[in-house]
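**Student:** Here it is, the structure, as structure tokens.
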Ligand code: Q9C
Ligand code: ZN
């Protein structure tokens, strides 16, 4: 298993997250990275390589250029207004006020480009997002050239980031950037299996109308779980993409038995679609101890998850998404990778 990590992924250290009406220290913190590295080391994954720089072209292949420009300049624009706090969106185009122009002021631009108020932009956010997609792309390069599996320790995560929106702690959609690059290197169809507790709304939106990326997600039912407005079972893709989006929303409290049963259905769909690469959006916030999620997988279940993912029999790229039980995140991630190699 090739492990790819960049210290620059820790350049984002936000102070605030709007949570329950209060500004709290963000759940998505740089300590997650160190705990994952420690867990991997302890499990015998001792060789960790730094990514190459891949530039912006692979990002612009899936994201809007004005959106990327916004992310690059937002913090400076915010600071130029003399703001004390971090850049948090607070007004949006809505159902009754759609908004047909992109405002000039950073407050309006934040509303245009944010999908939630949970994710503050701060110094280092853009740099960390750049490093995160470089980690994904270098891990992908290993899978494509070597054939063996790779784990990209992406941070910030990516699966909530849409073509031109950030939120849910995500800025660049690392899995989407990697999938698009894989297609451009000659593959015909790629599967993205999203096992994070939260629905990967961004990944779905990016590939919704396409059949060359199969998006399959197992997640908390959006009737009660973030991101609330996407991820229902009747969202199956549009036009050419009809049948290439597959959503398995599950109730809060779902445990291993049901979860693994659904995983087998997801694997069957991936096999049927004739995918040449499996990208796993690996959130471990399905863990029973996760502070902001509601599934009940135990630590050992992540070993089983890895074994069953290996059973798909495809070249596999693991990309880190969520997981907020910081004390256990390292062993949970290491368990997936260990199980995969058994
Ligand atoms: N402050 C990922 O797992 N926030 N994102 C809920 C409100 C949204 C999770 C708490 C959770 C996003 C990549
Ligand atoms: Zn998540």
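Numbering (our numbering), first residue to last: 30 to 371. All residues carry an ideal CB built from backbone N, CA and C; glycine is no exception.
In the DSSP assignment, find the beta strand (DSSP E) that holds residue 308 and state where it starts and stops.
**Tutor:** Its beta strand (DSSP E) spans residues 306-311.
**Student:** Could you tell me how far apart the beta carbons of residue 33 and residue 172 are, in whole angstroms, since I believe they sit closer than 8 Å?
**Tutor:** Between residue 172 and residue 33 the Cβ distance is about 11 Å, and since that is not below 8 Å, they are no contact.
**Student:** What beta strand (DSSP E) runs, 3 residues minimum, are completely inside the stretch 86-159?
**Tutor:** The stretch 86-159 contains no whole beta strand (DSSP E) run of 3 or more residues.
**Student:** Which of the three DSSP states, helix, strand or coil, is assigned to residue 170?
**Tutor:** Helix.
**Student:** At 4 residues or longer, and completely inside the stretch 186-238: list those alpha helix (DSSP H) runs for me, N to C.
**Tutor:** Taking only runs of at least 4 residues, the alpha helix (DSSP H) segments lying wholly in the stretch 186-238 are 203-213 and 230-236.
**Student:** Apart from the five residues just before and just after residue 318, which ones in its own chain have a Cβ nearer than 7 Å to its Cβ?
**Tutor:** Excluding sequence neighbours, residue 318 sits near 354 and 357.
**Student:** Based on Cα-Cα distance, which residue from 325, 108 and 149 lies nearest to residue 119?
**Tutor:** Comparing Cα positions, the closest option is 149.
**Student:** Which same chain residues end up closer than 6 Å to residue 345 when comparing Cβ atoms and leaving out the 5 residues on each side of it in sequence?
**Tutor:** Correct list, in chain order: 178 and 307.
**Student:** Please list, in chain order, all residues with a C-beta atom less than 5 Å from at least one heavy atom of the ligand ZN.
**Tutor:** Spelled out in chain order, the answer is 225, 226, 227, 312, 314 and 351.
**Student:** To which residues of the same chain is residue 251 closer than 8 Å at the C-beta, ignoring the five residues directly before and after it?
**Tutor:** The answer, listed in chain order, is 228, 257, 258, 259, 260, 261 and 278.
**Student:** If you measure from the CB of residue 251, is any heavy atom of the ligand Q9C nearer than 8 Å?
**Tutor:** Checking every heavy atom of the ligand Q9C against the Cβ of residue 251, none is found closer than 8 Å.
**Student:** The alpha helix (DSSP H) with residue 330 in it runs from where to where?
**Tutor:** 330-339 is the extent of the alpha helix (DSSP H) around residue 330.
**Student:** Hey, is the stretch 279-290 in contact with the stretch 324-344, meaning 3+ C-beta pairs nearer than 8 Å?
**Tutor:** Touching, per the Cβ criterion.
**Student:** Let me check understanding here. Comparing Cα to Cα, which of 225, 217 and 30 lies closest to residue 189?
**Tutor:** The residue with the shortest Cα to Cα distance from residue 189 is 225.
**Student:** Do you know offhand how far residue 211's Cα is from residue 203's?
**Tutor:** The straight-line gap from Cα to Cα measures roughly 12 Å.
**Student:** How about residue 380 and residue 182: do their beta carbons lie closer than 9 Å?
**Tutor:** It is not possible to answer for residue 380, since the shown part of the chain is limited to 30 through 371.
**Student:** Write down every uninterrupted run of the alpha helix (DSSP H) in the stretch 252-332 whose length is 4 residues or greater and which is fully enclosed by it, in chain order.
**Tutor:** You should have 285-301.
**Student:** Just to confirm before moving on: does the CB-CB distance between residue 366 and residue 310 stay below 9 Å?
**Tutor:** No, these two residues do not count as a Cβ contact at 9 Å.
**Student:** Using the Cα positions of residue 95 and residue 72, report the straight-line distance between them to the nearest angstrom.
**Tutor:** Rounded to the nearest angstrom, the two C-alpha atoms are 42 Å apart.
**Student:** Identify, in the order they occur along the chain, each residue of the same chain with its Cβ nearer than 6 Å to the Cβ of residue 78, setting aside the five sequence neighbours on each side.
**Tutor:** Cβ neighbours of residue 78 beyond the five flanking positions: 33.
**Student:** Using a 10 Å radius around the Cβ and a threshold of 16 neighbouring Cβ atoms, would you call residue 167 buried or exposed?
**Tutor:** Buried, since its Cβ has 16 or more Cβ neighbours within 10 Å.
**Student:** Report whether the distance from the Cβ of residue 199 to the nearest heavy atom of the ligand Q9C is below 8 Å.
**Tutor:** Yes, since a heavy atom of the ligand Q9C falls inside the 8 Å radius drawn around the Cβ of residue 199.
**Student:** Contact check, residue 158 vs residue 99 under 8 Å by CB: the rounded distance?
**Tutor:** In fact, because the Cβ distance is near 12 Å, the residues do not count as touching under 8 Å.
**Student:** Would you kindly work out how many angstroms separate the C-alpha atoms of residue 205 and residue 138, rounded to a whole number?
**Tutor:** Cα-Cα distance, rounded: 24 Å.
**Student:** As a quick exercise: from 215, 352, 326 and 198, pick the residue whose alpha carbon is nearest that of residue 304.
**Tutor:** Taking only the C-alpha atoms, the option nearest residue 304 is 215.
**Student:** State the CB to CB distance for the pair residue 74 and residue 363, rounded to an integer number of angstroms; the pair is presumed to be in contact (CB under 8 Å).
**Tutor:** So it is a contact: roughly 7 Å between Cβ atoms.
**Student:** Relative to the C-alpha of residue 269, which candidate in 276, 253, 243 and 254 has its C-alpha closest?
**Tutor:** Nearest C-alpha to residue 269: 243.
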